[in-house]
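Counting from 1 along the sequence shown, just add 3 to a position and that's the residue number in our numbering. Idealized CB from N, CA, C, for every residue including glycine. Below is one structure, written out as structure tokens; the observations come after it.
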Amino acid sequence: MHLNTKKTILVLAPHTDDGELGCGGSIAKFCKEGHDVYYAAFSICSKSLPAGMDPQTLAIEVARATKELGLKKENLILFDFDVRRFKEFRQDILEELIKIKNKINPDLVFVPSPTDIHQDHQVISEEGLRAFKNCSILGYEMPWNNVTFNTRSFIKLEDEFIQKKIESLHQYKSQEHRTYINDDFIRSLATIRGVQIGCKYAEAFEVIRWII
4 MHLNTKKTIL VLAPHTDDGE LGCGGSIAKF CKEGHDVYYA AFSICSKSLP
54 AGMDPQTLAI EVARATKELG LKKENLILFD FDVRRFKEFR QDILEELIKI
104 KNKINPDLVF VPSPTDIHQD HQVISEEGLR AFKNCSILGY EMPWNNVTFN
154 TRSFIKLEDE FIQKKIESLH QYKSQEHRTY INDDFIRSLA TIRGVQIGCK
204 YAEAFEVIRW II
């Protein structure tokens, strides 16, 4: 598959902010290049927010964050499956994924790495492969969840795309306490991945399925 022609790209995020953390720079790059980019988040974590906080907080924040990356408003798809209970709703999630597949027929799909140990991330990775087995699929990294991670694919990124990734994560005011929502961490990881392939910045991915 070559990305020098317009493609339809789908990012699957178990929870809001996972897509930005895993491949936010690449999303910004793809949007600028004119590809059709879709983002589906399977939980807005409404039941996990502190008491008194608007249950729509993360729905609002993910809309702002993906807009920062250049995503069209109509290309953001949100669900609200209960956090840490995705395994109970595995079949429902698969059916939603198949609906998305039938609607947009993506060329390239991003999912959490198969080595991600978070239970919800595992479900999206596994059901994503089932639903999109005829598509190219890349697994994105979340180092705090990955026991191992095979850096087999890289997307080179310019400064502007890393800055967009950082700015998008700034939209998650409710998540600022997370250690990985951190400018230095985001830039450092992108630097490490860039060094691996001889450029300034990059994001790395596991190749789950690649169709040429």
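Exposure of residue i, with buried meaning 16 or more beta-carbon neighbours within 10 Å
| i | result |
| --- | --- |
| Ala54 | exposed |
| Gln174 | buried |
| Asp20 | buried |
| Val199 | Sequence inspection shows Gln at residue 199; the Val mentioned does not correspond to that position. With fewer than 16 Cβ atoms within 10 Å of its Cβ, Gln199 is classed as exposed. |
| Thr60 | buried |
| Pro146 | exposed |
| His180 | exposed |
| Val150 | exposed |
| Glu144 | buried |
| Ser139 | buried |
| Pro58 | exposed |
| Ile120 | exposed |
| Ser191 | exposed |
Neighbourhood of residue i by C-beta, 6 Å cutoff - its chain only, sequence neighbours within 5 removed
| i | result |
| --- | --- |
| Asn153 | Glu209 |
| Ile63 | none |
| Ala16 | Gly22 and Ala44 |
| Gly28 | Leu160, Phe164, Ile165, Lys168 and Glu206 |
Proximity to residue i [Cα-Cα], best of the options
| i | options | result |
| --- | --- | --- |
| Val14 | Ile189, Gly25 and Thr8 | Gly25 |
| Phe68 | Glu23, Asp57, Leu81 and Gln59 | For clarity, residue 68 is Ala in the given sequence; the question names Phe instead. Closest option to Ala68, Cα to Cα, is Glu23. |
| Leu100 | Asn148, Arg87, Leu81 and Pro117 | Leu81 |
| Leu97 | Asn105, Ala134, Pro117 and Phe89 | Ala134 |
| Thr118 | Lys102, Lys104 and Leu141 | Leu141 |
| Lys106 | Gly201, Ile12 and Thr182 | Ile12 |
| Asp85 | Val114, Trp213, His18 and Phe188 | His18 |
| Arg87 | Ser49, Ser116, Ala193 and Leu6 | Ser49 |
Residues near residue i in its chain [Cβ-Cβ closer than 7 Å; skip 5 each side]
| i | result |
| --- | --- |
| Gly73 | Ala31, Cys34 and Lys35 |
| Glu71 | Lys167, Glu170, Ser171 and Gln174 |
| Arg93 | Val126 and Glu130 |
| Gln178 | Asp20 and Ile184 |
| Lys104 | Ala134 and Phe135 |
| Lys90 | Gln122 and Val126 |
Own chain residues within Cβ distance below 8 Å of residue i, not counting five before or after
| i | result |
| --- | --- |
| Asn185 | none |
| Arg196 | Thr154, Phe157, Tyr204, Ala205, Glu206 and Ala207 |
| Ala66 | Lys76 and Leu79 |
Identified DSSP bridge partners for residue i
| i | result |
| --- | --- |
| Ala44 | Ala16 and Leu81 |
| Arg212 | Ile140 |
| Met115 | With the sequence shown as reference, residue 115 is identified as Pro, and Met is not the correct amino acid for it. Note: Pro115 sits in a beta bridge opposite Tyr143. |
| Glu206 | Ile158 |
| Asn149 | Asp119 |
| Asp39 | Thr11 |
Cβ of residue i within 7 Å of any chain B Cβ
| i | result |
| --- | --- |
| Glu206 | Structure shown: chain B not included; a single protein chain is present. |
The stretch 35–51 contacting the stretch 95–112, beta-carbon criterion three pairs below 8 Å: Judged by Cβ distances under 8 Å, the stretch 35–51 makes contact with the stretch 95–112, as three or more pairs qualify.
Meets three-Cβ-pair contact criterion under 8 Å: the stretch 114–125 and the stretch 154–162: The stretch 114–125 vs the stretch 154–162: no contact.
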